Each structure stands twice: as structure tokens, then as C-alpha cells.
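Going by the working numbering, the sequence shown opens with residue 6, and the numbers climb by one from there. Let me begin by presenting the structure, written as C-alpha cells, before commenting on it.
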Amino acid sequence: MSSIGGGGKAFQVVSTEITAFDRLLGGGFPEGSVIALMGEPGSGFDLFAQQVMFFKARRAGEKVVYFSVDRPCGDVRVEMATYGWNLEELEKKGVWSFVDMCTYRRDVRRGMTPRRALAELLTSRLPKAIEEGSHIVVDTFSYFLLFYELKDIIEIFELTLLSAHEHGGVHFLLVVPGLHDSKTLTTVAHFADGVLEFNLHPESEEAAGVIKVRKLRKVHHALRLIPYRITDEGIVVETTMRVA
């Protein structure tokens with residue numbers, strides 16, 4: 006963690022462990038940020054979250070709690086292992102843990118568990134994990150946006166933001182924009198401390214695109230378009246362009 010100044014004030018930043026990306030942001034994400042990562046399937050938005058958190062756990066020994074909502078935890082482990090990110094040792098050390106919400110979803114579909122139970126699990130476990138010093142990933146938050154009322158979503162946001170601003174860390178809520186209407190996406194953008202959009206170039210022969218930094222609390226620069234590629238080693242950030 007490091008400090009950067011702005012307008013005479015310094016604030017702490019949390020490294021993403023992606024050197025080029027940190028440099029473009031002035032060191033990383035502001036400490037205590039809840040960041041919405043938005044992207045369509047295959048754009049690498051989920052890969053970015055996994056990569057950042059894996060290296061925070063491995064290099065710095067920082068705790069990560071991964072709420073696996075859309076897929077079984079085992080599938081996430083296998084996917085990460087294809088990039089060389091083996092979670093076995095991190096889980097043994099207690100610096101990486103999963104909350105298996107996918108099983109709860111299956112029980113909801115079978116009528117064995119009320120749907121409300123998933124929101125209750127998230128609102129109880131997520132703030133507590135932040136208070137205990139963990140970084141958080143919710144993969145994906147789109148499930149809650151689709152199946153819960155807006156007032157429930159705002160409650161989850163408020164609890165998460167309060168914990169994050171008090172206890173620090175960087176926390177990712179993964180969102181698939183194509184699943185939601187404009188009002189829902191505006192609500193997410195309003196409450197989140199930061200919003201990053203991952204967009205692949207459809208005409209590109211390789212998996213390449215731009216990350217659009219739509220919003221980032223405390224960092225009042227012009228919006229950035231940050232080129233990236235998806236490689237067999239994960240997300241690689243190369244250069245940047247600034248737009249007015």
C-alpha cells in the first residue's frame with residue numbers, strides 16, 4: 006500500500022499487482038473502494054478480478070474471500086489454474102477462501118431454500134469478511150441485480166460501502182451489463198466507488214480491448230481508455246489514451 010496526493014491531500018492506495026495498470030491510476034485503487042467491474046462474458050472482467058486477488062494473496066499474504074455465485078467453486082479453481090494460479094496452497098494457508106453461493110442457488114431452484122436466504126447470506130458474510138481484513142469478490146453481483154428488488158440491492162451496497170470505507174481493502178462486484186436495464190446499471194454506478202468497463206475489440210484477431218475507467222472515487226482525472234490483452238498469463242495492460 007502507498008500514498009498519493011491530490012489537491013494537497015494524500016490518501017492510501019491499494020495496488021492491483023498489475024504494474025502498468027497501477028502506474029496509470031497513480032498507484033492503484035483508493036483504499037477502501039468498492040469497484041464494479043462490468044463486462045460481457047469473455048471480456049476478461051472476471052479474469053481481472055481473479056488475477057488481482059490471486060497475486061494479492063500470494064505476494065502480500067493478504068486475505069481474499071471469493072463469493073462464487075454463478076459457478077461452483079471447483080470450476081473457479083480449475084479456470085484459475087489454467088493461468089498458473091493454483092489456489093491449493095493459498096487455501097491451506099488460510100489467505101484464500103470461497104463462499105459457495107452456487108449451491109444455495111441450486112437449493113433455491115429446487116424449492117429447498119427461500120431466495121431471500123442468498124441475500125441474507127451475502128449481507129451477513131460480506132461485511133464481516135471486510136471487517137476481518139479480507140478483500141472481496143462477488144462473482145457475479147448480476148444475480149442479485151436480476152432477482153432482488155432495488156431497495157434490497159441498495160441495502161447490500163450500503164452495508165458493503167460502510168464496511169469498506171471503515172476497514173479498507175479493495176472489493177470487486179462483477180456485473181454483466183447486457184443482463185440489466187439502464188436504471189439498474191445507473192444505480193450500480195451511483196453507489197459504487199469505482200466503475201470499470203471491459204470491452205473487447207470485435208474485429209481484433211487476438212483477445213484485445215480497452216478498459217474504460219468510468220468512475221473512481223478520489224481520482225478526478227479525465228476518463229481513461231486503457232488498452233489490454235488477454236494472454237495465457239492473464240490480463241496484460243500496455244499503454245493508455247486520455248480522452249476529454
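The C-beta atom is built at its ideal place from N, Cα and C for all residues, glycine as well. Please read these numbers as outputs of a predicted model, since none were measured by experiment.
About 6 Å separates the CB atoms of valine 74 and threonine 145; that is less than 8 Å, so the two are in contact. Of the other Cβ atoms in all chains shown, 16 or more fall within 10 Å of the Cβ of alanine 62; this residue is therefore buried. Cβ contact annotation for phenylalanine 162 (same chain, cutoff 7 Å, sequence separation greater than five): Phe196, in chain order. Secondary-structure assignment with DSSP links glycine 214 through a beta bridge to Leu205 and Tyr233. Listed in chain order, the non-local C-beta contacts of cysteine 107 below 8 Å within the same chain comprise Ser73, Val74, Asp75, Arg76, Pro77 and Cys78, local neighbours out to five positions each way being set aside. Taking the C-beta atoms as reference points, leucine 92 is found no nearer than 7 Å to threonine 128. The distance from the Cβ of isoleucine 141 to that of leucine 131 is about 6 Å, consistent with a contact at the 8 Å cut-off. At a Cβ-Cβ threshold of 7 Å, glycine 173 and serine 38 do not count as neighbours. A contact is defined here as three or more CB-CB pairs under 8 Å, and the region 49-59 meets this definition with respect to the region 81-91. Between the alpha carbons of valine 69 and glutamate 94 lies a gap of roughly 13 Å. In the DSSP annotation of this structure, alanine 41 is not part of any alpha helix (DSSP H); the continuous beta strand (DSSP E) holding it starts and ends at 38-44. Per DSSP, reduced to three states, the secondary structure at histidine 140 is strand.
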